[in-house]
Structure formats: structure tokens, C-alpha cells
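Heads up, the thing below is written out as C-alpha cells.
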Amino acid sequence: MIAIKKLNRNLSVTGEVRPEDMSAIVSLGFRSVVNNRPDGEAPDQADDAVLRETASRNGLGYEFIPVASRDIPHLAAARFAQAMAVLPGPVLAFCRSGARSTALADKAASAQSSQRRDFDIVVVGGGAGGSAVASSLLKRRPGLTVAIVEPSDTHYYQPGFTMVGGGVFVQSDTHRPMGQSMPRRAVWVKAAVTGFAPDQNEVQLSDGGVLGYRALVVSSGLVTKWDAIEGLEDTLGRNGVTSNYRFDLAPYTWDLVQKTRRGTALFTQPPMPIKCAGAPQKAMYLACDHWRRSGVLGDIAVEFNTAAPALFGVADFVPSLMEYVKRYNVGLHVTSTLRAVDGAEKVATFDVKGSDGSMRTEQKRFDMLHVVPPQVAPDFVAESALADKAGWVEADHTTLQHPRFPNIFSLGDVCSAPNAKTAAAVRKQAPIVAENALAMLDGRMLTAAYDGYGACPLTVERGKVVLAEFGYGGKLLPTFPLDPTKARRSAWFLKATAMPPIYWNLMLRGREWLARPNQLGG
Ligand code: FAD
Numbered sequence: 022m023i024a025i026k027k028l029n030r031n032l033s034v035t036g037e038v039r040p041e042d043m044s045a046i047v048s049l050g051f052r053s054v055v056n057n058r059p060d061g062e063a064p065d066q067a068d069d070a071v072l073r074e075t076a077s078r079n080g081l082g083y084e085f086i087p088v089a090s091r092d093i094p095h096l097a098a099a100r101f102a103q104a105m106a107v108l109p110g111p112v113l114a115f116c117r118s119g120a121r122s123t124a125l126a127d128k129a130a131s132a133q134s135s136q137r138r139d140f141d142i143v144v145v146g147g148g149a150g151g152s153a154v155a156s157s158l159l160k161r162r163p164g165l166t167v168a169i170v171e172p173s174d175t176h177y178y179q180p181g182f183t184m185v186g187g188g189v190f191v192q193s194d195t196h197r198p199m200g201q202s203m204p205r206r207a208v209w210v211k212a213a214v215t216g217f218a219p220d221q222n223e224v225q226l227s228d229g230g231v232l233g234y235r236a237l238v239v240s241s242g243l244v245t246k247w248d249a250i251e252g253l254e255d256t257l258g259r260n261g262v263t264s265n266y267r268f269d270l271a272p273y274t275w276d277l278v279q280k281t282r283r284g285t286a287l288f289t290q291p292p293m294p295i296k297c298a299g300a301p302q303k304a305m306y307l308a309c310d311h312w313r314r315s316g317v318l319g320d321i322a323v324e325f326n327t328a329a330p331a332l333f334g335v336a337d338f339v340p341s342l343m344e345y346v347k348r349y350n351v352g353l354h355v356t357s358t359l360r361a362v363d364g365a366e367k368v369a370t371f372d373v374k375g376s377d378g379s380m381r382t383e384q385k386r387f388d389m390l391h392v393v394p395p396q397v398a399p400d401f402v403a404e405s406a407l408a409d410k411a412g413w414v415e416a417d418h419t420t421l422q423h424p425r426f427p428n429i430f431s432l433g434d435v436c437s438a439p440n441a442k443t444a445a446a447v448r449k450q451a452p453i454v455a456e457n458a459l460a461m462l463d464g465r466m467l468t469a470a471y472d473g474y475g476a477c478p479l480t481v482e483r484g485k486v487v488l489a490e491f492g493y494g495g496k497l498l499p500t501f502p503l504d505p506t507k508a509r510r511s512a513w514f515l516k517a518t519a520m521p522p523i524y525w526n527l528m529l530r531g532r533e534w535l536a537r538p539n540q541l542g543g
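In C-alpha cells form, the structure reads like this:
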């Protein structure tokens with residue numbers, strides 16, 4: 022076997038492959054082989070049958086798509102594109118020198134981007150919601166054709182960002198290559214959706230392609246609006262200004278926490294909705310706990326400035342959280358919204374609403390500033406026919422079905438349902454969308470019902486969590502038969518130890534632990 026050339030994340034090409042090369046191919050991490058060399062080209066060449074048998078013996082996927090020259094027939098390109106969609110990757114394609122395999126891959130890619138491709142189900146976004154729902158769909162019906170449109174190479178475990186900022190996790194605990202987290206039987210379309218044509222059952226892609234579907238599931242997450250706070254982008258990651266809402270800045274939060282020994286530390290929360298409404302507080306509590314343990318908390322003035330009128334949206338949890346606010350001597354400022362940051366001068370400007378409705382501006386000096394930005398629906402959703410007035414994908418709050426386009430469903434942060442935007446909500450929503458989308462495709466009544474469950478594990482100190490689990494209207498929905506409003510060690514164990522494997526190995530794989538859908542009317 023001659024040198025291997027990597028064309029992209031999922032495909033490499035090489036020259037002649039012999040049966041005895043198969044075990045080396047496995048040890049290089051490939052999972053499939055495509056043979057592009059016609060049988061009988063050279064007298065000493067191994068033919069298709071022999072290569073197929075040795076590939077299979079070595080546990081490799083195998084496809085035979087012979088091409089005689091670099092002038093690639095259209096049918097071969099279409100077969101190659103199909104093979105790439107179904108073979109386990111990464112794939113190694115070969116001919117005599119690798120040149121025909123490269124030409125074939127090029128033609129297949131350009132044919133793909135200019136054509137409409139059809140799937141039973143197209144999922145927009147391969148994050149928490151997209152991967153979980155695709156797995157739940159394929160688990161129920163393995164023969165479905167499911168495409169996940171996802172532009173990013175990396176899947177982020179965002180609930181871990183707070184733990185990085187608190188010095189409990191390291192950054193590498195919170196991301197994995199997208200190819201590893203996606204369900205294997207789904208086709209990954211590596212592009213961004215740029216528009217919806219719900220009357221044609223089509224989505225448009227950033228590479229010019231079009232995907233057709235029988236059912237569409239939208240889980241493209243939300244957008245963090247850093248530019249909505251004047252001066253913020255110029256100083257993020259410098260001058261003591263940080264945010265756990267950015268993967269790359271969570272380690273800087275922990276750096277700052279360790280280095281701050283005196284002065285003023287400001288933590289901010291923007292207007293709702295945001296993902297994980299407790300995360301702005303979590304950053305603060307973990308910082309305060311570190312300062313308390315290091316004996317410097319008394320020398321640091323800590324403030325929580327929130328745009329909301331109360332510390333937390335569900336009143337039952339407020340007393341436990343207030344105990345920690347008092348313990349850490351935090352100055353709580355409600356209806357106080359960060360408007361601008363001057364990093365060089367270390368001054369933050371707030372719009373403060375008085376109890377009489379009057380507005381005033383306050384400037385505060387800081388040594389450390391943890392910012393949570395305002396959050397909105399992505400433009401390609403907000404400007405589409407799918408959006409509600411606020412820009413989110415309109416959805417029935419119980420079935421998660423679009424009220425105007427019955428073959429469209431949504432879940433996760435982009436969905437208009439008024440639940441807490443959390444991965445915990447996604448864990449419950451994914452099986453519901455899977456069941457209801459399949460019922461819709463079969464022409465049956467929708468049966469699965471969402472109660473608005475979401476959860477926010479508030480890390481009030483290192484070793485203790487208030488596990489706020491609640492549904493629509495703030496109804497408490499505790500998973501375990503314990504007083505849910507109390508800070509507990511067991512809940513810390515869940516957050517710090519159990520949740521990451523539950524996320525990666527159960528939720529994203531369609532293993533619906535404690536997530537059986539309620540039945541409509543049940
Ligand atoms: P995401 O997981 O964000 O995935 C969206 C995907 O869509 C991304 O992969 C993105 O690349 C893709 N995408 C974007 N645009 C397009 C496009 N045009 N076309 C195709 N794809 C696109 N939740 C909890 O349950 N517990 C917690 O403790 C918790 N803590 C958190 C702490 C922080 C700091 C943050 C930031 C979040 C936290 N969350 C927590 C929230 C949780 O991470 C999200 O609610 C969850 O990831 C939402 O899943 P999603 O699929 O809607 O969005």
C-alpha cells in the first residue's frame with residue numbers, strides 16, 4: 022500500500038490495497054474500504070471477491086465501485102456518494118495510484134452539493150437535541166433514512182462549561198469530534214441550513230444543496246449576542262472579563278477566580294430566555310466557594326446583577342439559593358441589566374429599573390467580570406416561515422409539532438415551548454419528538470406529551486447542588502423522592518460524575534433512561 026492522502030475528516034485515498042494490508046488499515050483507524058479498481062487491470066492484482074472477503078474478516082465495511090479512468094461516469098459518482106452515506110467512516114478509497122478515487126470523490130461531492138437529496142427525516146443541528154432525536158428515531162425504526170445537517174466539527178457538552186469555569190472539569194472533558202457523537206446510521210450533511218421551504222418540504226444548504234424530507238426536526242440551538250453589550254467583544258478574554266458561555270473562555274474564568282484575591286467581582290445575567298437560566302449564578306457560587314476556602318472571600322465584594330426581578334424564576338428554589346447569597350455576602354441587584362463594558366478602565370455600565378418603573382444608569386468598577394450575553398433565535402430561523410413572533414420555531418407546547426406545518430417538529434433551545442432551555446429538557450423532548458414524528462409519518466394520532474420538564478443543577482458550592490427540576494408553570498418535577506429545594510451531595514455526584522456519561526452514552530445514543538414519554542391525555 023502506498024502513501025495515504027486525507028481528503029477530509031471521513032475520507033482518505035491511497036494506491037493499491039492488497040488483502041494482507043487490511044489489518045494495517047484497521048489499525049490506522051479506518052472502518053471501511055472502497056475499491057475503485059476494476060478487476061483484471063493487472064495480472065498480480067487481488068480481485069473484488071478476495072478483497073471483499075478479507076475486508077469483512079477484518080471487520081471493515083466494503084464497497085466495489087470500479088472506475089476505468091479519471092473521466093468519472095455520473096452513475097459511479099452517485100454510487101460513491103451513496104456509499105459514503107452508509108459506510109461506517111472513516112473510509113479509505115483506493116485504485117492503482119489514488120488518482121481515480123480522488124476524482125470520484127470530487128465528482129460525488131460536487132454532484133451532491135448541486136442536487137436535491139431526499140430523506141425520510143432531516144434533522145437541523147447535530148448538537149444535544151439533533152443527535153438525541155436522530156438516535157431515538159433510528160432506534161425505533163432502523164430502516165429510516167435520516168440526515169443530520171451540522172456545520173461544526175466539534176460537539177460541545179455545554180453543561181460542563183460551568184464546571185471548567187469552577188475548576189472541577191478541564192476543557193477536554195467538554196468536547197468531542199462531531200463524527201463520534203453523531204448516530205452512526207444517520208447521514209451527516211456537513212453544511213449549515215440557510216433557509217426553509219416548508220411548502221416544498223425542502224431545506225436549503227450553505228453549499229448550494231437542497232434536502233427534501235417527509236418530516237423535518239429543527240434543533241439548531243440559539244445564538245449568543247455578544248455584540249448586544251457595547252464594548253464587550255473587544256475585551257472578552259482580557260482585562261478580567263470572561264464568560265462560561267464560551268467554550269474557549271471557561272478556563273479563563275477559572276484562571277481569574279484563582280488570581281482574584283481582593284477587589285470587586287461582578288456576575289451578570291441578561292433578560293430571559295437564556296440557556297440554563299441558573300448558569301450565571303453557578304459561575305458565581307463556585308467562585309465564591311473557592312474564595313471562601315482560600316480565606317479571601319472577605320476581601321472581595323461580590324455582586325450579582327440580574328435583569329430579572331428575582332434571583333430565580335421558580336420561587337420554591339429561591340430560599341435555598343438566598344442562603345448561599347447570604348453565606349457568600351453577595352450584593353444582589355435585581356432588574357439591573359449590563360449595557361456596556363470598558364475593559365481598559367474596568368468599568369461596567371448597567372441599566373437599572375427602579376421599583377417605580379423609572380430607569381437609571383449605574384457604573385461599577387470591577388476587578389473580575391463574568392458576563393452572560395443576551396440570547397436569541399438564529400436569523401435563518403427567525404426570518405423563516407417557521408418562526409413565531411419572537412423568532413423561535415413555533416411549536417405546540419405538548420406535542421412539539423409545528424401548528425402550521427404538521428410534518429415539522431422542534432426541540433431544544435430553538436423551540437418556542439416555554440420550558441427551561443436545558444440539555445435536561447432535550448433528554449425528555451427527544452423521545453417525544455421521535456414518537457410523534459413517526460406517528461405523523463404513519464398517519465396516526467400523535468400520542469407523546471411533553472410536560473415542560475427542564476432541570477438546572479445549581480452548583481451552590483463544590484460538593485453540593487440544588488437540583489432544580491421543574492415543568493411548565495414552575496411545577497416541581499423531581500426525579501428522586503427527596504425535597505428538591507435542598508442543596509445535596511447526591512445531586513453534586515449526579516452533576517459532576519454521572520451526567521457526562523449519561524449525556525454521551527445514553528442521551529445521544531437513544532438510550533432513553535428515565536425519559537419515557539407521557540401519553541397525551543394520560
Ligand atoms: P445545541 O446543543 O447548542 O446544538 C445546536 C447545534 O446546531 C450546534 O451543533 C450547531 O453547530 C448547530 N447549528 C447551528 N446553526 C446551524 C445551521 N444553520 N444549520 C445546521 N446546524 C446548525 N443544560 C443542562 O441541562 N444542565 C446544565 O447544567 C447546563 N448548563 C449549561 C451551562 C452553560 C454555560 C451553557 C452554555 C449551557 C448549559 N446548558 C445546560 C444548556 C444546554 O447545553 C443546552 O440547552 C442544550 O445544548 C440545547 O441543545 P440544542 O440541541 O438545542 O442546542
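Add 21 to a position in the sequence shown, counting from 1, and you land on the number used in the numbering used here.
For every residue, glycine included, the Cβ atom is placed at its ideal position computed from N, Cα and C.
- Assigned with DSSP and collapsed to three states, TRP209 falls in strand.
- Within the same chain, GLY484, LYS485 come within 7 angstroms of ARG510 by CB-CB distance, once the 5 residues on both sides are set aside.
- Here THR506 is not near ALA476, since their CB atoms are 8 angstroms or more apart.
- As computed with DSSP, TYR524 is found in no beta bridge at all.
- Around the beta carbon of GLU344, fewer than 16 other beta carbons lie within 10 angstroms, which makes this residue exposed.
- The three-state reading of DSSP puts ARG91 in coil, since its state is none of H, G, I, E or B.
- LYS485 has its CB no nearer than 7 angstroms to any heavy atom of the ligand FAD.
- Per DSSP, the beta-bridge partners of CYS477 are ALA489.
- Nearest in C-alpha terms to ASN57, of all of LEU226, GLY119, PRO40, VAL393, is GLY119.
- Taking PHE51 as reference, the option from ASN31, GLN450, ARG532, SER122 with the minimal CA-CA separation is ASN31.
- A residue is called buried once 16 or more other Cβ atoms fall within 10 Å of its Cβ, and THR274 is buried on that count.
- Rounded to the nearest whole angstrom, the C-alpha separation of ALA508 and ALA336 is 15 angstroms.
- Distances from the alpha-carbon of ASP463 to those of ALA331, THR256, ASN428, TRP513 put ASN428 closest.
- Taking one beta carbon from each stretch, the region 297-317 and the region 414-427 have fewer than 3 pairs nearer than 8 angstroms; the two do not touch.
- Around the CB of ALA470, 16 or more other CB atoms lie within 10 Å, so the residue is classed as buried.
- The shortest CA-to-CA distance from ARG73 to any of ASP60, LYS374, ARG314 is the one to ASP60.
- Rounded to the nearest whole angstrom, the CA to CA distance from PRO301 to GLN179 is 13 angstroms.
- Contact between LYS496 and GLN396 does not hold, since the beta-carbon distance rounds to 24 angstroms and is not under 8 angstroms.
- In this structure, DSSP gives TYR266 a state outside helix and strand, which the three-state scheme calls coil.
- Restricting attention to PRO40, GLY473, VAL154, the CA atom closest to the CA of GLY494 is found in GLY473.
- If you ignore the 5 residues before and after HIS196, its C-beta comes within less than 6 angstroms of the C-beta of THR175, TYR177, all in its own chain and listed in chain order.
- When DSSP states are grouped into helix, strand and coil, VAL435 belongs to the helix group.
- Residue pairing from DSSP places PHE371 in a beta bridge opposite LEU359, GLU383.
- Cβ contact annotation for ALA132 (same chain, cutoff 6 angstroms, sequence separation greater than five): ALA98, in chain order.
- Short of 6 angstroms from the beta carbon of VAL210, and not among the five residues preceding or following it, lie these beta carbons of its own chain, in chain order: ALA168, VAL170.
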